[in-house]
Each structure stands twice: as C-alpha cells, then as structure tokens.
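What the sequence shown shows, in this note's numbering, is residues 265 to 577, in sequence order.
From the three backbone atoms N, C-alpha and C, an ideal C-beta is built for every residue, glycine too.
This structure is a prediction, so every number in the text was calculated from the model and none was measured.
Worksheet: one structure, shown below.
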Amino acid sequence: MNVNIRLETSRFCYVYSKYKIIEIGNKEYILPDENATKKTISLTEYLNDILIDTLNIGKKVFYKETIEQNELLNFYSKYGSFGFMIDLAINKYFALDSKVAIKDSFYLNNKENINFMDINEYLKFFYPTLNKREINSIIKKCINTAEDIKKEDYLTSMLNEYLIYSIDYAEPVELVLNYARSLYKDLASTIENKPSTMKLPFLSVNHLTHNFDDLYRNKSFGFTINYLKQAIDVNYSIQMGQDVRLLKLCNYCNKAFIAKNPKAEYDTYNCKNKANVYKSRAKSSKVIHTDTGLVVKLPSDELIKGLKKRGRV
Ligand SMILES: [Zn+2]
C-alpha cells in the first residue's frame, strides 16, 4: 500500500533561545532561562536530526556513558522541550478537567498502570517553580480560552502555548533520559531481532491531528505536529516501517544514523576506518571471530622464545 503522507508543523511550535538546569527537591529540571526569548520553530525541517540526536542521547544512557548538562541544554535550545506534559496525558484537554489520566505513568512515578493524578498535582510536576495561585491562574486561563474558542485547531494550539510553551514549563531530566533510552533500546532490540521485554506505550504517538483538506487536490493527507515528542515518535514509526530500513546503528560506535546507502554499516568514514584497523589487527594477533565470541590463538613457542630474548616477556 502506497500512501502519500505529509508531515506539517503547527505554526504554534516554539523554542526558547536559552535553557537552564535547576534542582528542586532532589530532582533535576530543564526549563527556559528567565531572560530567554521565544521564537517559532518548524519541527518538520529537522525531523531526521531531531530523531538521531534523541537516539544518541539514549545511546549514552543505555551504555551508562556520561552525559554533560551542556549536551541537553544544546539539544533544548536547538529543538525546544519535548512536550511530555501534553503527551503523557490521555485526556487531551486535561487542563479543563479535574483529573489527568496518565499514559505509561511508570515514567512519571514508577507505577505500571494507568494512573489518575489531580490536575493541580500534575501541573505542579511540570511547573516546579510556580506556587498554587500561579498554577490556578494557568488553569483558569485555559478554561476561559476553551469557552471562547469554538474551533478545535485553535484551542489545541492555544492550550499548548499556555502549557508546554510557557517560560515556566520544566521537564525532569530523568524523564527525558528515560524516553531517549527507551527509544534507543527499542531500536537496538529491533535490529537484533529481539522482541522488547516490556510494552512501551511511552513511545507511541499521542494526540496527533491529521487533515484531509488536500486529499483530493494533492492525493495526500497530512499529519500536524504540535510538539517535539510527536515529531520524534512519528518519524521513528515511519523510519521503522520502511521496506528497506535506513535507520541503523553503527557497527563500531553503536550510534544511530540514517544511512544513504542501505548497505552502510558505519555512521562515519572515521568509524569505518577504525573498524577496518581493528579487524586487521584482530587478524594479525590471531583473534578469531566465532559464533560464541572471540578466540585468541596463543603465540607459537618460537615467538615466545624470541620475545624472551628481547626481554618483552
Ligand atoms: Zn560510528
């Protein structure tokens, strides 16, 4: 089945010029700097870069490598926040309800099942610097907007703007790393043909809007991306669903990359070179690749004698 799908960014996606990481109650949060300026971003323009950068943060978490704060801050000032507050809520217009049903709350508070959280408690989780009165005034603003606006498109954009594109909106670093790790783990296990050990609703696309407006004119229909996590999830699904999958992991450094050539095994020329050197060294030192791993052939007696003479053993 061939379908022409267009991906569009909503005109109301934003990124701030500067972000910071702060600690509140033993939890690290990433949020816009108070002096940062806000501008719109076309997420569809960077779809592949966004996916690869996220997967490669995930790769570092997966292999327990150090992640510098600057790496996360650079990611955020390039693409903005992920939008977890909207994405994890099953009821899309949770700001108008008293309770929020949370999708895959394991990532929020280590509970496996659907969880209901009080709206104030949920907002406090993502606005750790705001007090009760300030949080209440956000809720009021959302309710008033919903009463005024009759067209759903506008309502979604406006609520997103008040909620996830607010200068006070913060995302826990732990949540970001969990997400990136899950995405990388899913890719790695798919490539190795190992089924995922747990179901990951966290990785499914949520609240995606689509439009058929151009279906008869352009013979295609479009999905509208409203926040970063949607852009990642949609592109990940599209990449994984291709007949010839170009989203791969480098055979040398394990980083994710999108190959131009379906046979490519390495993300960079440098990695290809290093892998070749490694392979030829392995050959000369009699390391043999077998099904069960590596076997090292011991050097012959003459070689040991020769080394002893030269004082190397
Ligand atoms: Zn590599």
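Buried versus exposed call for residue i [16 or more other C-beta atoms within 10 Å across all chains shown]
{"i": "residue 433", "result": "buried"}
{"i": "residue 504", "result": "exposed"}
{"i": "residue 320", "result": "buried"}
{"i": "residue 531", "result": "buried"}
{"i": "residue 288", "result": "exposed"}
{"i": "residue 526", "result": "exposed"}
{"i": "residue 309", "result": "exposed"}
{"i": "residue 483", "result": "exposed"}
{"i": "residue 459", "result": "exposed"}
{"i": "residue 275", "result": "exposed"}
{"i": "residue 318", "result": "buried"}
{"i": "residue 496", "result": "buried"}
{"i": "residue 494", "result": "buried"}
{"i": "residue 577", "result": "The predicted model places residue 577 with a pLDDT of 47, which falls under 50 and marks its position as unreliable; any figure quoted below should be read in that light. Exposed: under 16 other Cβ atoms inside 10 Å."}
{"i": "residue 407", "result": "exposed"}
{"i": "residue 395", "result": "exposed"}
{"i": "residue 420", "result": "buried"}
{"i": "residue 328", "result": "exposed"}
{"i": "residue 435", "result": "buried"}
Alpha-carbon spacing of residue i relative to residue j, whole angstroms
{"i": "residue 368", "j": "residue 389", "result": "16 Å"}
{"i": "residue 453", "j": "residue 467", "result": "14 Å"}
{"i": "residue 428", "j": "residue 523", "result": "33 Å"}
{"i": "residue 324", "j": "residue 362", "result": "38 Å"}
{"i": "residue 303", "j": "residue 485", "result": "27 Å"}
{"i": "residue 411", "j": "residue 401", "result": "15 Å"}
{"i": "residue 446", "j": "residue 416", "result": "32 Å"}
{"i": "residue 344", "j": "residue 298", "result": "15 Å"}
{"i": "residue 541", "j": "residue 514", "result": "16 Å"}
{"i": "residue 326", "j": "residue 414", "result": "45 Å"}
{"i": "residue 277", "j": "residue 316", "result": "20 Å"}
{"i": "residue 356", "j": "residue 536", "result": "46 Å"}
{"i": "residue 418", "j": "residue 508", "result": "38 Å"}
{"i": "residue 475", "j": "residue 538", "result": "47 Å"}
{"i": "residue 306", "j": "residue 279", "result": "10 Å"}
{"i": "residue 387", "j": "residue 442", "result": "20 Å"}
{"i": "residue 348", "j": "residue 336", "result": "16 Å"}
{"i": "residue 422", "j": "residue 450", "result": "33 Å"}
{"i": "residue 457", "j": "residue 444", "result": "20 Å"}
{"i": "residue 405", "j": "residue 511", "result": "42 Å"}
{"i": "residue 426", "j": "residue 399", "result": "11 Å"}
{"i": "residue 354", "j": "residue 448", "result": "24 Å"}
{"i": "residue 385", "j": "residue 506", "result": "41 Å"}
Spatially closest choice to residue i from the options, by CA coordinates
{"i": "residue 301", "options": "294, 346, 430", "result": "430"}
{"i": "residue 383", "options": "438, 487, 359", "result": "359"}
{"i": "residue 214", "options": "521, 315, 545, 492", "result": "Not covered by the structure: residue 214. The range shown for the chain is 265 to 577."}
{"i": "residue 282", "options": "338, 448, 497, 456", "result": "338"}
{"i": "residue 295", "options": "475, 472, 437, 364", "result": "437"}
{"i": "residue 311", "options": "399, 517, 342", "result": "342"}
{"i": "residue 269", "options": "405, 455, 501, 284", "result": "501"}
{"i": "residue 286", "options": "328, 314, 322, 333", "result": "333"}
{"i": "residue 516", "options": "353, 529, 331", "result": "529"}
{"i": "residue 322", "options": "291, 520, 506, 290", "result": "520"}
{"i": "residue 284", "options": "440, 385, 340", "result": "340"}
{"i": "residue 518", "options": "455, 291, 331, 472", "result": "455"}
Residue i beta carbon near ligand 2 (any heavy atom closer than 8 Å)
{"i": "residue 510", "result": "Only ligand 1 can be found as ligands here, which leaves ligand 2 out of the picture."}
Beta-carbon separation (whole angstroms), residue i vs residue j, contact threshold 8 Å
{"i": "residue 272", "j": "residue 488", "result": "5 Å"}
{"i": "residue 293", "j": "residue 392", "result": "6 Å"}
{"i": "residue 381", "j": "residue 366", "result": "6 Å"}
{"i": "residue 470", "j": "residue 313", "result": "About 22 Å separates the two Cβ atoms, so there is no contact after all."}
{"i": "residue 424", "j": "residue 499", "result": "About 19 Å separates the two Cβ atoms, so there is no contact after all."}
CB contact below 9 Å: residue i versus chain C
{"i": "residue 513", "result": "Looking at the structure shown, chain C is missing, and only one protein chain is on hand."}
* To do: Please write down, chain order preserved, every residue whose beta carbon lies under 7 Å from a heavy atom of ligand 1.
  => Answer in sequence order: 514, 516, 517, 519, 530, 531, 532, 535.
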